[in-house]
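Participant:
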Amino acid sequence: MGATFKKLNIAGGWLVFLISFTVYFLTLEPSVSLWDCGEYISTAFKLQVGHPPGAPLFQLLGRLFSLFTFGQVEKVALSINILSALASAFTVMFLFWTITLLARRLFLKSIELDTALHPWLALAMGFVGSMAYAFTDSFWFSAVEGEVYALSSLFTAIVFWAALRWEADENDLKNNRWLLLIAYLIGLSIGVHLLNLLTIPAIVLIYYFRKWHPNPWGTLAAIAIGFALVAFLLYGIIPMTVQLFAFSELFAVNMLQMPFNTGSLLFAIILVGLITTGLLYVYRPKKIFLGLFLFFSFSVGVMVLGDSIYFGEWKNFIIRSGAILLLGFLLFVFIRRPRLLHTALLSLTFLLIGYSSFLIIIIRANANPPINENSPTDALGLLAYLNREQYGDWPLLYGPNYNSERIGNKDGRPTYMKDRLAGRYIVKNSHRGWIEIYDPGQMVFFPRMYSTRQEHIEEYRYWSGLSGAPVDYHPRFSDRLRFFFNYQLSHMYWRYFMWNFSGRQNDRQGLADKADGNWLTGIPLIDKQLAGDQRNLPGHLESKAYNRFYLLPLLLGLLGLFYHYHRDPEGWLVVALVFFMTGIAIVIFLNQYSPQPRERDYSYVASFYAFAIWIGIGVGQIFKWLRKILRPQRALLLAFLSSLVVPALLLAENFDDHDRSGRYTVRQMAKAYLDSCAPNAILFTHGDNDTFPLWYMQEVEGYRTDVRVCNLSLLGLDWYIEQMKRKVYNSDPLPVSLGFNCIKSGSYEAVLLPEVDTLDPQPYSLEEIFEGLTFNPSAYLLDSLDESLAFFPSAIFSMGVDKNAVRASDLEKWIELREIADEMVFEIPGRYLDKAGLVVLDIILHNQWKRPIYFGPEAANEAFYGLDRYFRTEGILYRLCPLKPDTLQGGQLVVNAERNYSLLMDKIALMMNDPSHFYPQDLRRSYFPHRSATVATARQLLNLKQYARVIEVCKRSLEDISPAIVPYDYYSVQMAGLLLKAGDTATSLNLGNEITRQCKESLNYYFSLPQVFTLRYEQDIHINLGLLTLLSKIYSDELLLSRLEENPDETFNHFLQLYYNHFYKDTSP
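Quick note: the sequence shown, position 94, residue 798 per this note's numbering, numbers continuous.
#1: Do you know offhand how far GLY1103's Cα is from ASP1097's?
#2: Would PHE997 and LEU978 qualify as a contact pair, given that the criterion is a beta-carbon distance under 8 Å?
#3: For the structure I just gave you, are there three or more beta carbon pairs, one from the stretch 1417–1437 and one from the stretch 1536–1543, closer than 8 Å?
#4: Let me know if PHE1002 comes out buried or exposed under the rule of 16 or more other beta-carbons within 10 Å of its beta-carbon.
#5: When we look at the beta-carbon of TYR700 and count the other beta-carbons within 10 Å, is it buried (16 or more) or exposed?
#6: Decide if GLY717 is buried, meaning its Cβ has at least 16 other Cβ atoms within 10 Å, or exposed.
#7: Whose C-beta lies closer than 7 Å to the C-beta of SER968 among residues of the same chain, with five residues either side of it excluded?
#8: Considering only their Cβ atoms, is the gap separating VAL1440 from ILE1425 smaller than 8 Å?
#9: Starting from ASN1113, follow the alpha helix (DSSP H) in both directions and report where the run begins and ends.
#10: Classify ARG1603: buried if its beta carbon has 16 or more other beta carbons within 10 angstroms, exposed otherwise.
#11: Quick one: give me the first and last residue of the alpha helix (DSSP H) that PRO1151 is part of.
#12: CA-CA distance, ILE1317 and ASN713?
#13: For VAL1323 and VAL832, which I take to be in contact (beta-carbon distance under 8 Å), what is that distance rounded to the nearest angstrom?
#14: For the beta strand (DSSP E) containing GLY1103, list its first residue and its last residue.
#15: Quick one: grab the DSSP three-state call for VAL986.
#16: In whole angstroms, give me the CA-to-CA distance for VAL1774 and PRO760.
#17: Is DSSP giving ALA1668 helix, strand or coil here?
#18: Whose C-alpha, out of ARG1212, GLY1320, ASP1237, PHE1312, is nearest the C-alpha of LEU1263?
#19: Indicate the three-state DSSP secondary structure (helix, strand or coil) for GLU1750 in the structure shown.
#20: Which one of GLN1702, GLU1405, PRO920, ALA1376 has the shortest CA to CA distance from ILE1612?
#21: Mark ALA1499 as exposed unless 16 or more other C-beta atoms lie within 10 angstroms of its C-beta, in which case mark it buried.
#22: Out of ARG767, ALA836, LYS1507, ARG1576, which has the shortest C-alpha to C-alpha gap to LEU1348?
#23: Are the beta-carbon atoms of SER1012 and PHE1000 separated by less than 8 Å?
#24: Could you pull out every residue in the same chain whose Cβ sits closer than 8 Å to the Cβ of ARG1701, ignoring the five residues on either side in sequence?
#25: With DSSP run on the structure shown, which of helix, strand or coil describes THR726?
#26: Would you kindly report the start and end of the unbroken beta strand (DSSP E) that includes GLY1582?
#27: Just the C-alpha distance for LEU1050 and ASP873, rounded to the nearest angstrom, thanks.
#28: Just list the residues that DSSP pairs ASP1538 with in beta bridges.
#29: Taking the runs of the beta strand (DSSP E) that are 3 residues or longer, which of them lie wholly in the stretch 1414–1491?
#30: Do you know how far the Cα of ALA847 is from the Cα of GLN1625?
#31: Since TYR728 and ALA789 should fall inside the 8 Å C-beta cutoff, what is the C-beta to C-beta distance between them, to a whole number of angstroms?
#32: Taking its Cβ as the centre, do 16 or more other Cβ atoms sit within 10 Å of GLN1678, making it buried, or is it exposed?
#33: So what does DSSP say about VAL736, is it helix, strand or coil?
#34: Taking 6 Å as the limit between beta carbons, can you name the residues of its chain near ARG1628, skipping five residues before and five after?
#35: Hey, is GLU1754's beta-carbon within less than 8 Å of any beta-carbon in chain B?
#36: Does VAL1175 pass the burial test, meaning 16 or more other C-beta atoms within 10 Å, or should it be called exposed?
What follows is the structure, encoded as structure tokens:
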């Protein structure tokens, strides 16, 4: 392969880049997306500190791209989304070059092919494989939004390509520069995502195959060394570097009484000295340089062991001692082989240079920006940040089952904070009793079923086939394997794999009922066995994400897999190792419970990348078959054109559900939340999707910065509470009265509550509780030595209402004074109150109605802390109002009709009515608050006899939210009734007909399926029968029934009989 091929190869790479980037750019989301995108865009735009463990390199690049908007803040999200599109297109380009490099290995090992055709066949392989990957479901999803996974994929692609490029380099004296590039890229990739580390075993294998004569035992040893290197980086270099900075800082300040940051500077000198003197010794092998190098190496070893001794971690001490002895032996070997030492030291240097992007986290945390998660202002804070302490830990290879007996606790490593007055670090959280100790006889190998949450336990039992087992049954190894294979491997990996290379049922999340989110093929005979007949789906089950690839990508990839294995077993093993490490190995490591908050296919895109290599190589197998009956040139052309069907099919099928162009729904939703708030409001949100878009609107577009968004998932963390006590933009500090001893980490984590005496429920004054906590923070602790658990004497609380304060607020113009309660009485649901709830009550109590308080509608009822009886709908939010409970109209949410009418008609524009756009399930869920608010507003307007406005509000909702996108539901039925009462009989009857038609279509489909599939839709069947029941009550008048196309009562009875026949056979309702 000469100069001509090199030019064609470079041109081919840029061609696939251009094609893929064009497609990504045309389908790019023009604004903010769901999940972490709002946070990443916000933190990148202003270089703020996002959630642990951070992505500083992504933030720096995102900031750079945001500068090209030239002050047009509404374009910032688009510019950062373009970063993802570019990164993804470059990934496709490097995949093309990776496949052509692997093709070269194939040709070098083959004597059957015509040498003149080698370049063209390699280019055909690269084009088909890279284009197929470009249009796969999971990869395309990440390419059009501002998240880290696109950039992470790019690093994986470049690193793997660089390793192959090193192998292909003929000049052995200079090709180590590729190894240094790999080390630098791995260091940089840590600042994006840790997934890139999983390519290391494959790189070690490439190195072994190049440097030695391979044999089975040597190959196994190389793979084992690769695994050890991953562990060394993941558990050694990455955390230990920061840990040693933290330990030296703590030791220097607390033990040697030196100024802050002295210890960190001291360790930096030692680290730089170690690398510098080592390199000097390689270039000029003098004893002084060797002595200094060994001194600095010894100093690092002493610090590693000293860290364990300081914290009394003797098991850790033994493990580290063994690791140091091993590293000492390797150091001795390296010293005797200077070139090896030179490569190792330079690789470490470049890796640390790349890793140094995390310094931006400390720098920006010290600037105290509005988003400053964990506030890691020094080495000790950065260590806690990187260790993701707020997310907890999980067992991997050895640990308890969910019902293993806990026999005690032991203390964990304390966390520290600066005491600037004392000039030392003090313990913030002693982590007393932090680590749970289980009965050694009930500790198991390969613990897959460990979570003690009840919903997870029920799922464990379902997926492992233990639903009928006794409650005290301890899962055996076979049960754990069954859960691993049925859920973690099959449901959470192979299902995603088949989405990308076989087909997908829809975009709805796949849960235990298996009604949604299944993989399909597009072949009716097969699909009927997988998910039932897909040919006559009701409208609400039809989805743009119903993608059918007819197994063609899978089959071409399998052809490539076998062809690769047969022609080049070593190259095949390298690709297979990437496939395993970035797929099944991640499954084993994550040890996920069921259910997950969302689908996780984005985690495995590198595994699908590896399979796409085999899709490209599969062209070679087709060419081999065709050349037996055709001339080589014609065989190659036909092989290429027939294989192009795969990327063309992937593009055609996936385009409509990956096209986000022109879709601003997430931004509209965030704006609707903020517009629902009165000026200077406090808004309590709960999860990612009702928080991060609001951060985006405030931090990037500067919209409604007077509203303080307060995330309940973070409000139990001390650093977040402290941030809520600061003024941010136009929002004043929140009135948190709790002192630091109450809010610090490890304090008041859970407040236990007694059972409520139903015969004599006595409320406890909230004022008294917080007065007690102010004067004596330990007043309610169960144990003075354990600050984490407290106890309140009641689960029912009262809060006095200052009517003068209410009159002075904006509520005064909406409600009459006689409607205001003298006090608010509420019961905390459950048996305990978490710290977030404690802070919420503190804020509400001391706010004294000076600022409006709202709760997002997405949270579960437990997150309302029993206050929901005092909620009223305002916009699409719930506003806390001190109304007498008897004014709540029999439990219905009361709204101020005038304000809500104005908001829904003029301010809130949450539109899902363009059938050309794709609205995934997570977006469609956002309709709920809108329809709910519409019904509540219309009901109040009806009570006020404002019939014209009732009709206007309902019609606006029906126009803005199309039933083709969001099916009719309970609120739609309510609207039909409200329209009828308001006098718009025609619209009401038309709506009733459409709802009946939707229910009938759905139920006909469900009952046409075999019983095994009908069972999956039992909940949907109940919902549709319920809608028909409600309709029959609305249209109970005979005259109205006669004007309907179909009697909903008769339809209900018909399907109810089918239901009993289907599930209970000869039983009548």
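Note that beta-carbon positions come from the ideal geometry of N, C-alpha and C, so glycine has one too.
Facilitator: Reading from the atomic positions:
#1: 11 Å
#2: yes
#3: yes
#4: exposed
#5: With the chain covering 705 to 1773 only, the question about residue 700 has no answer from this structure.
#6: buried
#7: Result list for SER968: PHE949, SER952, GLU953, ALA1083, in chain order.
#8: yes
#9: Element bounds for ASN1113: not the alpha helix (DSSP H) but the beta strand (DSSP E), 1110–1114.
#10: ARG1603 is buried by the Cβ-count criterion.
#11: That residue, PRO1151, is in no alpha helix (DSSP H); it is neither H nor E in DSSP.
#12: 16 Å
#13: 5 Å
#14: 1102–1104
#15: helix
#16: Residue coverage of the chain in this structure runs from 705 to 1773, which leaves residue 1774 outside it and unanswerable.
#17: coil
#18: GLY1320
#19: coil
#20: ALA1376
#21: buried
#22: ALA836
#23: no
#24: Taken in chain order, the residues that qualify are GLU1749, GLU1750.
#25: helix
#26: The question names Gly, yet the displayed sequence has Tyr at residue 1582. It spans 1581–1584 - the beta strand (DSSP E) in which TYR1582 sits, taken as one unbroken run.
#27: 20 Å
#28: ALA1454
#29: 1454–1456, 1485–1487
#30: Approximately 19 Å, taken between the alpha carbons.
#31: 4 Å
#32: buried
#33: coil
#34: Closer than 6 Å at the Cβ level, and outside the excluded window around ARG1628, lie VAL1670.
#35: Going by chain labels, chain B is absent from the structure shown, which holds only one protein chain.
#36: exposed
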